[in-house]
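Participant:
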Amino acid sequence: MSSKADSALKAVINASELVTAHALKPKTGEALSDLGIIKNGAVVYQGDSIVDVGTTEEMLQKYQPSSLIDAGGRVVMPGFVDPHTHLVHMGSRHEEYECKIAGKSYADLHKIGGIRYTVAMTRAGTEEELFVKAMGDLDTMLIYGTTTVEAKSGYGLSKESELKLLRVASRLNKKHPIDVVSTFLGAHTVPEEFKDNKAGYVKLVHEMLVEAAPLAEFCDVWCDALGFTVDECREILADAKKLGLKLKLHVEQTGWTGGGELAGEVGAVSADHLDFLSAGGITSMRSGGVVGILLPGVTYHLMEFKKEIAVKAMIDGGMAVALATDYNPGTCRTQSMQAILETACRLYRMTYAQAINAATINAAFALERGDSVGSLAAGKRADIVIFNCTEHGVMINNFGINHVRTVIKNGAVVVDDGRLSRVN
Ligand code: NIG
Ligand code: FE
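Quick note on numbering: the sequence shown equals residues 1 to 424 in my numbering.
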C-alpha cells in the first residue's frame, strides 16, 4: 500500500488498452510501431502529474486513490500534441478551396489571394477578436483530444501585426487549458507592400526578431519558391538562434529547394511538410536530430502531389517523424488530430501505431517537450484522453467522427461525455 497521501491520488482505471506511447527519445524505425500498450490498464495521478501506470489490478493493489474514473473497457491515451498550427488568424478561404477543386493550383492562388488575403483580414482584426476566435478553435481542439498545441504568427507580416499575434498566443496560453507554444513566423511570405522589394522585407524580418524573441520560443521560416530561399532562411535562422530562439522550418512543400538539408545543417528542432524531401534531406535531418513533422491534411487539401511521398524511406532511414494538423485558412482546415491520423494512414500508408506515436510522443519531441507530455509515464503531465472505442485502430478506421469521451488536462477533467466541462 502506498505511503502517499492517498486522498490526493486519482486514477483512470479499466482501460481496455492503456496506450502509454512512452519513450525517452523520439521513436524511430521499429520503435515507431510500439505503442507500449498495457491491457486492462490504469494511470494514477496526483495534481497535474502522473504517479504510476500499470494494470488496473496492480495499481489498485499499490495505491488507494480517493477518486476513480472508470474507463469502462475503453482505449486510454496521452492527449494529442499538435506541433504545427497557424492558430491565430481571421477570415476564411473556403472559396479558394472550391477553385482548387476546379483545378487551380496553390501557386496560382498565391498570386491573387492566398496568404496575403488572410494577412489583410488578420491585420484588420483587433487583438480581442483574434483572441476570441482562437479560443473557439482551441475549444474544438480540446474536444477532439488535443492538449498541447503550437501556434505560429505569420499572418501579420508587419512589426505591429506580428507582435499583436504573438501577444494573442501568449494570452491564449494563460487562459485556455491547452498549452500553447508560440512560434514567430515573420518569414512566412513577402507582404503586398514589399512585393517589389523582397530584400527590404527580409531586412524587416531581421529587425522584427529582436522584439519577437521575448514573446516566442521558436522561429520558423517558409523555405519555398513561394516563400524564401535557402540562403535567406539560413541568415534569418542564424539571427534567431543568436537571440535564443529554437528553430523550425517549413520545407519541401510545393517543390524541392534544399530546405531539408538546411534543417539538419542549422540544427532545427523540426522541419515540416516534407512532401518533396530528398534522400539527402532524410540523411541531413536524421544526422542533425531534426524531427520531421508530416502534414497529411495539407497533402490532401492541395491535391497536387504527383508521386508517393517518401514517408516509408524516412521511417526506414531512421528519421523521427511526427504528425500535425497545420490548421490554417489556406492549406488545411481541420482542428482535429483524429482526422490527421486517418489521413496519414491513408495517404502515407502509415500503420495505426506509427500514426499514434507520431501524434503523441514524437510530436512532443518536435516541440522539445518530450520529457513532459506526449506519453503516459510516471512524472509526466496528467494529460489523458478516454476514447469511445475498445481498440485504438477503431479510432482511426471509423473516420470523420469524434471518438473522444473524456479529456483530462493537467489532472483536471476538461471534457466530459464529449462536452467541455470547464468555464474559461
Ligand atoms: O503551412 N506554406 C506556408 N504556410 C501555410 C499555409 C498558409 C496559407 O496558405 O495561408 C502552410 O501550409
Ligand atoms: Fe504551416
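Glycine included, each C-beta is placed from N, C-alpha and C at the ideal position. Model, not experiment: these values are computed from the prediction.
#1: Can you tell which of Leu215, Glu235, Trp222 has the C-alpha that lies nearest to the C-alpha of Lys203?
#2: Let me know if Gly297 comes out buried or exposed under the rule of 16 or more other beta-carbons within 10 Å of its beta-carbon.
#3: Given a threshold of 16 other Cβ atoms within 10 Å of its Cβ, counted over all protein chains shown, does Gly136 qualify as buried or as exposed?
#4: Inspect the beta-carbon positions of Phe184 and Ala216 and report whether they are closer than 8 Å.
#5: Considering Cα atoms alone, identify which of Ser92, Asp108, Leu142 is closest to Ala120.
#6: Answer with buried or exposed for Asn357, where buried requires no fewer than 16 other C-beta atoms within 10 angstroms of its C-beta.
#7: Leaving aside the five residues before and after Leu172 along the sequence, list all residues of the same chain whose C-beta is less than 6 Å from its C-beta, in chain order.
#8: Of the residues Asp383, Asn397, Gly411, which one's Cα is nearest the Cα of Thr148?
#9: With C-beta atoms as the reference, is Tyr300 less than 8 Å away from Thr85?
#10: Return the residue from the list Ser278, Val251, Ala355 that minimises the CA-CA distance to Trp222.
#11: Can you list, in chain order, the residues of its chain with a C-beta nearer than 6 Å to that of Ala23? Leave out the 5 residues immediately preceding and following it.
#12: I need the boundaries of the alpha helix (DSSP H) containing Phe276, first residue and last residue.
#13: Can you tell me whether Ser2 is helix, strand or coil according to DSSP?
#14: Return the first residue and the last residue of the beta strand (DSSP E) that Cys332 is part of.
#15: Please find out if some non-hydrogen atom of the ligand FE comes closer than 7 Å to the beta-carbon of Asp326.
#16: Kindly identify the DSSP beta-bridge partner or partners of Glu17.
#17: Using only the heavy atoms of the ligand FE, determine whether one of them is closer than 7 Å to the beta carbon of His206.
#18: For Phe228, count neighbouring C-beta atoms within 10 Å of its own C-beta (all shown protein chains included) and say buried if the count is 16 or more, exposed if not.
#19: Take Thr351 and list the residues in its own chain whose beta-carbon comes closer than 8 Å to its own, dropping the five residues that flank it on each side.
#20: Compute the Euclidean distance between the alpha carbons of Leu323 and Tyr144, then round it to the nearest angstrom.
#21: Please classify Asp108 as buried or exposed, where buried requires at least 16 other C-beta atoms within 10 Å of its C-beta.
#22: Taking Val230 as the reference, which of Phe218, Glu127, Pro214, Leu249 has the closest Cα?
#23: Can you determine whether any heavy atom of the ligand FE sits closer than 7 Å to the C-beta of His176, and answer yes or no?
#24: Going by Cα to Cα distance, which pick from Cys389, Gly370, Asn410 is closest to Arg381?
#25: Assess contact between the stretch 308 to 324 and the stretch 337 to 344, defined as three or more Cβ pairs (one per stretch) separated by less than 8 Å. Is contact present?
#26: Between Leu262 and chain D, is the shortest Cβ-Cβ distance under 8 Å, so that the two count as touching?
#27: Roughly how many angstroms lie between the CA atoms of Ala355 and Lys62, to the nearest whole one?
#28: Give the list of continuous alpha helix (DSSP H) stretches no shorter than 4 residues that lie fully inside the stretch 347 to 415.
#29: If we call anything under 8 Å between Cβ atoms a contact, is Glu457 one with Val168?
#30: Buried or exposed: where does Glu17 fall if 16 or more other Cβ atoms within 10 Å of its Cβ makes it buried?
#31: I think Leu9 touches Ser49, with their Cβ atoms under 8 Å apart; what is that distance to the nearest whole Å?
#32: Quick check: the Cα distance between Ala377 and Cys99, rounded to an integer number of angstroms?
#33: With distances taken Cα to Cα, identify the nearest neighbour of Lys241 among Glu261, Met319, Gly267.
#34: Which residue comes first and which comes last in the alpha helix (DSSP H) that contains Ile143?
#35: When we look at the beta-carbon of Pro214 and count the other beta-carbons within 10 Å, is it buried (16 or more) or exposed?
#36: Could you tell me the alpha carbon to alpha carbon distance between Leu130 and Val88, rounded to whole angstroms?
Facilitator: On the basis of the data shown:
#1: Selected option, being the one with the closest Cα: Glu235.
#2: buried
#3: exposed
#4: yes
#5: Ser92
#6: Counting Cβ neighbours within 10 Å, Asn357 comes out buried, since at least 16 surround it.
#7: Ala134, Val180
#8: Checked all of Asp383, Asn397, Gly411; the closest Cα to Thr148 is Asp383.
#9: no
#10: Val251
#11: Ile361
#12: Segment: none, Phe276 is in no alpha helix (DSSP H) and carries neither H nor E.
#13: Low confidence applies here, because Ser2 scores a pLDDT of 45, under 50, leaving its location unreliable; read the following figure in that light. The answer is coil: DSSP assigns Ser2 none of H, G, I, E or B.
#14: Taken as a continuous stretch (DSSP letters only), Cys332 belongs to no beta strand (DSSP E), as it is neither H nor E.
#15: yes
#16: Lys39, Val75
#17: no
#18: buried
#19: Ser33, Cys345
#20: Each residue's Cα considered, the two are about 15 Å apart.
#21: By the C-beta density criterion, Asp108 is exposed, having fewer than 16 other C-beta atoms within 10 angstroms.
#22: Leu249
#23: no
#24: Asn410
#25: They touch, by the three-pair rule.
#26: The chain labelled as chain D is not found in the depicted structure, where only one protein chain is given.
#27: 33 Å
#28: 352 to 359, 361 to 365, 392 to 397
#29: Shown here, the chain extends from 1 to 424; a query on residue 457 therefore has no answer.
#30: buried
#31: The pair is not a contact, with the Cβ atoms about 11 Å apart (cut-off 8 Å).
#32: 47 Å
#33: Gly267
#34: 127 to 143
#35: By the beta-carbon neighbour count (other beta carbons within 10 angstroms, threshold 16), Pro214 is exposed.
#36: 6 Å
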